[in-house]
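My numbering numbers the first residue of the sequence shown as 22 and each following residue consecutively.
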Amino acid sequence: MSQTSKRRRVEHSPPVYRLDDEDDSYEPYIPAARRRQEKLAKLTSWGMNTDRDTPKIDDNQEHEDAQKEEEMRREKARKGRTLLMEAQEVHQRKAAEDAKKTEGEKAEEADAEILEAIRSRRKLASDMELAQGIQYTDSLKTSWRPPEYIRVRTPEQHQSLRDKYHILVDGENIPPPIESFNDMKIPEVFLSHLKSKKILNPTPIQLQGIPAAFSGRDLIGIAFTGSGKTLAFCLPLIMMALEEEMKLPFVRGEGPVGVILCPSRELATQTYENVVTWCSSLVADSKYPQLNTLLCIGGISMNEQSQVLNKGLHIVVATPGRLIDMLEKRRFTFNNCKYLCMDEADRMIDLGFEDDVRNIMSFFKRQRQTLLFSATMPRKIQEFAQESLIKPVLVNVGRAGAANLDVLQVVEYVKQEAKMVYLLECLQKTPPPVIIFSENKNEVDDIHEYLLLKGVEAVAIHGSKTQEERQYAIKAFKSGVKDVMVASGVASKGLDFNDIQHVIIFSMPKEIEDYVHQIGRTGRSGKTGIATTFVNMTTPEQTLLDLKYLLIEAGQKVPPFLLTVDDPRAVGSAGVNLKGCSVCGGLGHSISNCPKLEDTQRRQIAQHRTNDNQGGY
Numbered sequence: 022m023s024q025t026s027k028r029r030r031v032e033h034s035p036p037v038y039r040l041d042d043e044d045d046s047y048e049p050y051i052p053a054a055r056r057r058q059e060k061l062a063k064l065t066s067w068g069m070n071t072d073r074d075t076p077k078i079d080d081n082q083e084h085e086d087a088q089k090e091e092e093m094r095r096e097k098a099r100k101g102r103t104l105l106m107e108a109q110e111v112h113q114r115k116a117a118e119d120a121k122k123t124e125g126e127k128a129e130e131a132d133a134e135i136l137e138a139i140r141s142r143r144k145l146a147s148d149m150e151l152a153q154g155i156q157y158t159d160s161l162k163t164s165w166r167p168p169e170y171i172r173v174r175t176p177e178q179h180q181s182l183r184d185k186y187h188i189l190v191d192g193e194n195i196p197p198p199i200e201s202f203n204d205m206k207i208p209e210v211f212l213s214h215l216k217s218k219k220i221l222n223p224t225p226i227q228l229q230g231i232p233a234a235f236s237g238r239d240l241i242g243i244a245f246t247g248s249g250k251t252l253a254f255c256l257p258l259i260m261m262a263l264e265e266e267m268k269l270p271f272v273r274g275e276g277p278v279g280v281i282l283c284p285s286r287e288l289a290t291q292t293y294e295n296v297v298t299w300c301s302s303l304v305a306d307s308k309y310p311q312l313n314t315l316l317c318i319g320g321i322s323m324n325e326q327s328q329v330l331n332k333g334l335h336i337v338v339a340t341p342g343r344l345i346d347m348l349e350k351r352r353f354t355f356n357n358c359k360y361l362c363m364d365e366a367d368r369m370i371d372l373g374f375e376d377d378v379r380n381i382m383s384f385f386k387r388q389r390q391t392l393l394f395s396a397t398m399p400r401k402i403q404e405f406a407q408e409s410l411i412k413p414v415l416v417n418v419g420r421a422g423a424a425n426l427d428v429l430q431v432v433e434y435v436k437q438e439a440k441m442v443y444l445l446e447c448l449q450k451t452p453p454p455v456i457i458f459s460e461n462k463n464e465v466d467d468i469h470e471y472l473l474l475k476g477v478e479a480v481a482i483h484g485s486k487t488q489e490e491r492q493y494a495i496k497a498f499k500s501g502v503k504d505v506m507v508a509s510g511v512a513s514k515g516l517d518f519n520d521i522q523h524v525i526i527f528s529m530p531k532e533i534e535d536y537v538h539q540i541g542r543t544g545r546s547g548k549t550g551i552a553t554t555f556v557n558m559t560t561p562e563q564t565l566l567d568l569k570y571l572l573i574e575a576g577q578k579v580p581p582f583l584l585t586v587d588d589p590r591a592v593g594s595a596g597v598n599l600k601g602c603s604v605c606g607g608l609g610h611s612i613s614n615c616p617k618l619e620d621t622q623r624r625q626i627a628q629h630r631t632n633d634n635q636g637g638y
């Protein structure tokens, strides 16, 4: 049984095929690549044969076969390469391209990348408008029209007038410039008040800015310090509020018509006092009603202004923090508010206040007219603002960030240990009042104490002092009780002091736009002034380069030690890059080494760390 079963298993086992020489059906295996080569050789030999009976070659088939062959060759080559090798090849190609570029082209590309990265900001609108996709396409409608004889002028005549006053404009259907306050249709009693203050004709920013604002247009106004920007944005709001009040008087709980935002309490207080004075001048004529204005800033009790809140409210002048607090408590609303102005707008839009501005905008319930004014508004802020406004008109008197030409700038090299002694010598140059600026709060207190010991009537102001101390310092200095005011940057933005002939910058600020604001406290309203600046080895070379180009642009004398500061970007004999930095407007550096951008990034990192630490508890 066992042998039979074994035989059966052998008989039923699967057949075994052997490949030997006697098997005629065997064909050896030929690789596909070799078969293609043989076929291609055959086709080639057929193509060379001129015999009629030789079959013709299909050109398309030959082309397809050649393409397949090339694809296979590339695929084989690709499988032999690694991602690292490919990355190295890309890097080598980029390095070869960069080698062909000049240093200037490389710097421009780097700046463009940085600028594109910081442009990714939401447009300046309320969260409700962004969420609901609300977009306004037309400017706010107003009842104001320029006189007939001005309306019939040709565009060439309007441009000729702008050229006369060196006014640069940009936008659609720009309202005409007007050379006279009378032709702006301002009430006679208001004109009489302006004449009493020796304001006879509009300044260039007023000449174009006021008609644009009267027309209901969104506006970006850029002009030198002391050029009359406050009147340019306050007067349209006063006229708008006056028109609303005369149509139907306001009662308690109604208003405001418009709001003016300021970055500092001192600037808000100064603007409020101007608005109150101008509104009071209208009451001198019994034809016009009283307009109520509210000052909304931190450090003061709002109960002191309860009499204003108990009436109809027309105008609010505020700093962002206190305004948000009042709106959240519903002490008043923006349901009928249609005018928003930001003074020193580059600071307001900057990262420090941008979230607050968006929060404030969320309280508006209707379309608003938005005006942004500043002496220093870099191209980055201008582009961001233009995207956020409705058919805006850009009015630019001189380059944004340029120094006031009415200020004589004197830059002196003074060693750090000799500054205090030399300060007393500088105070002898002109009679009081004089302002001394320092970036360091402790240094402000040291200078103040030193001057008091030397018998100089001086006051000091900086952000760490109480509101009462700050108000006292401003009032004592403005009234002439004190001859010298020592201040930090808090007093450099927009504050207007009478007859300041001399500004001393004890420590040069890193950001050149802060320097422009500080020297702008003198040389205001057409008057001249002197600005003396101390620099030494502690001043960053980049800041010195910004200062050098600013002096050259303003036609000022450049001291020899500044002339020796070389610009690494300089090409040719001139070596002046008039384009400047898009972030801060400085002419001596590019975006890649902008001190303002570095400071902003440093603050953001510190804020993120603070938030992370708070989130851990």
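By construction, the Cβ of each residue, glycine as well, lies at the ideal position given by its N, Cα and C atoms.
Inclusion of Val442 and Cys358 in the CB contact set at 8 Å is not warranted, their separation being larger than that value.
About 10 Å separates the CB atoms of Val431 and Phe555; that is not less than 8 Å, and the two are not in contact. Rounded to whole angstroms, the separation of the alpha carbons of Gln390 and Ala366 is 15 Å.
Around the beta carbon of Glu534, 16 or more other beta carbons lie within 10 angstroms, which makes this residue buried.
With fewer than 16 other Cβ atoms from the protein chains shown falling within 10 Å of its own Cβ, Lys63 counts as exposed. Taking the Cα of Glu266 as reference, the smallest distance to any Cα among Tyr309, Gln109, Cys317 and Glu408 is reached at Tyr309.
Taking C-beta atoms as the reference points, Glu464 and Ser528 count as a pair closer than 8 Å. As the crow flies, the alpha-carbon of Phe235 is around 49 Å from that of Phe582. With respect to the 8 Å criterion, Met398 and Leu282 are not classified as neighbours on the basis of their beta carbons. According to the DSSP secondary-structure assignment, Glu433 is paired through a beta bridge with Phe555. Residue pairing by DSSP puts Ser395 in a beta bridge opposite Ile243. Taking the Cα of Gly342 as reference, the smallest distance to any Cα among Phe353, Glu294 and Ile381 is reached at Ile381. For Val378, the closest of Gln407, Lys412, Arg351 and Ala339 by C-alpha to C-alpha distance is Ala339.
Each residue's CA atom was taken as its position, placing Ile411 and Ser201 some 27 Å apart.
Rounded to the nearest whole angstrom, the C-alpha separation of Leu571 and Tyr186 is 22 Å. An exposed status is given to Ile155, since fewer than 16 other beta-carbon atoms sit within 10 Å of its beta-carbon. Annotated three-state conformation of Ala339 is strand, per DSSP. Nearest to Phe518 by C-alpha distance, out of Val507, Gly510, Ser500 and Pro530, is Ser500. In this structure, Gly541 is the residue among Gly541, Val511 and Glu532 with its C-alpha nearest to the C-alpha of Ile521.
With respect to Tyr157, Val278 sits apart: the two C-beta atoms are not nearer than 8 Å. Val296 is positioned such that its CB atom lies no closer than 8 Å to that of Gly333. For Ile495, the enclosing alpha helix (DSSP H) stretches over residues Gln488 to Ser500. Excluding its 5 nearest sequence neighbours in each direction, Gln227 has C-beta neighbours in its own chain below 7 Å: Gly249, Leu252 and Ala253, listed in chain order.
In the structure shown, Asn417 falls within a strand segment according to DSSP collapsed to helix, strand and coil.
When the five nearest sequence neighbours on each side are left out, the beta carbons in the same chain lying within less than 6 Å of the beta carbon of Tyr536 are those of Pro530, in order along the chain.
Here the alpha carbons of Ala439 and Asn356 stand approximately 58 Å from one another. One alpha carbon belongs to Arg174, the other to Leu240, and they sit about 22 Å apart. The DSSP assignment places complete beta strand (DSSP E) segments of no fewer than 3 residues inside the segment 222 to 299 at 240 to 243 and 279 to 282, in order along the chain. In this structure Arg368 is in contact with Pro284, their Cβ atoms being roughly 4 Å apart against a cut-off of 8 Å. Boundaries of the alpha helix (DSSP H) around Met369: Ala366 to Ile370. Around the Cβ of Arg183, a 10 Å sphere holds 16 or more other Cβ atoms; the residue is buried. Within a 10 Å sphere around the beta-carbon of Met260 sit 16 or more other beta-carbons, which makes this residue buried. Looking at the backbone, the Cα of Leu263 and that of Gln311 are separated by about 9 Å.
Here the alpha carbons of Leu303 and Gln492 stand approximately 27 Å from one another.
For Asp184, the uninterrupted alpha helix (DSSP H) run begins and ends at Pro176 to Lys185, by DSSP.
Beta-bridge partners assigned by DSSP to Gln390: Tyr360.
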